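In what follows, a single structure is set out as structure tokens and then discussed.
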Amino acid sequence: MEKVKCNEFKKIEEKLYNYNRLKAEINYLNLEIKSIENLYIGCKGIEYREKTGTSYNINSSVENEIFMKEKNIEQITRKIRGKEILIEKIDNAILLLNEDEMELVKYRYFKNNTWNYVANRIGFSVIGCKQMRVSILNKIKDLLN
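Add 551 to a position in the sequence shown, counting from 1, and you land on the number used in the numbering used here.
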């Protein structure tokens, strides 16, 4: 089996380390959408601008506000969906692993524990865990790129 290149190795590990952060960011963005939905300025005073010529472009402050609000919500929703897809990819990749490998990923990457803690927890040596890490990253590399 081909070994993971150092740069690729780091990118995969970064995705695994950021798993919990992705979930927190999704929650934050969902709250941001709720905040935007609750923010409503509505009608306000008329704005007079210098007339430059005849125009059939009619703008309403309420229409503009709703348009911008919908545009912001759409952008945030796209960000959320991208993060959800990455989480689904990670979850899918983890399904390829055996129980010990899943435990290593859980304790090392998702809970950010030390190698000694991980080794004691799953019953392997630190060196054995680090070798297992390489095997894990080789298994899941194609699914996380």
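From the three backbone atoms N, C-alpha and C, an ideal C-beta is built for every residue, glycine too.
These figures come from a predicted structure and were not determined experimentally.
- DSSP places Phe675 outside both helix and strand once states are collapsed to three, so it counts as coil.
- Non-local C-beta neighbours of Arg684 in its own chain, meaning closer than 8 Å and more than five positions away in sequence, comprise Leu655, Arg659, ordered along the chain.
- The criterion of a C-beta distance shorter than 9 Å is satisfied by Glu652 and Ile687.
- Annotation: Asn589 to Lys574 spans about 23 Å, alpha carbon to alpha carbon.
- Within a 10 Å sphere around the beta-carbon of Val613 sit fewer than 16 other beta-carbons, which makes this residue exposed.
- Inclusion of Leu694 and Asn643 in the CB contact set at 9 Å is warranted, their separation being smaller than that value.
- Taken in chain order, the whole alpha helix (DSSP H) runs of length 4 or more contained in the stretch 629 to 673 are 650 to 655, 666 to 673.
- Under the criterion of beta carbons closer than 8 Å, Asn571 and Phe661 qualify as touching, at roughly 6 Å.
- Under the criterion of beta carbons closer than 8 Å, Ile584 and Ile627 qualify as touching, at roughly 5 Å.
- Considering only Ile691, Arg672, Met619, the residue with the shortest C-alpha distance to Leu647 is Ile691.
- When the beta-carbon positions are compared, Ile641 and Lys620 stay at least 9 Å from each other.
- Around the CB of Ile563, 16 or more other CB atoms lie within 10 Å, so the residue is classed as buried.
- Put simply, the backbone Cα of Phe675 is about 29 Å away from that of Asn696.
- In terms of CA proximity to Tyr579, Lys634 leads the group Glu616, Phe618, Lys634.
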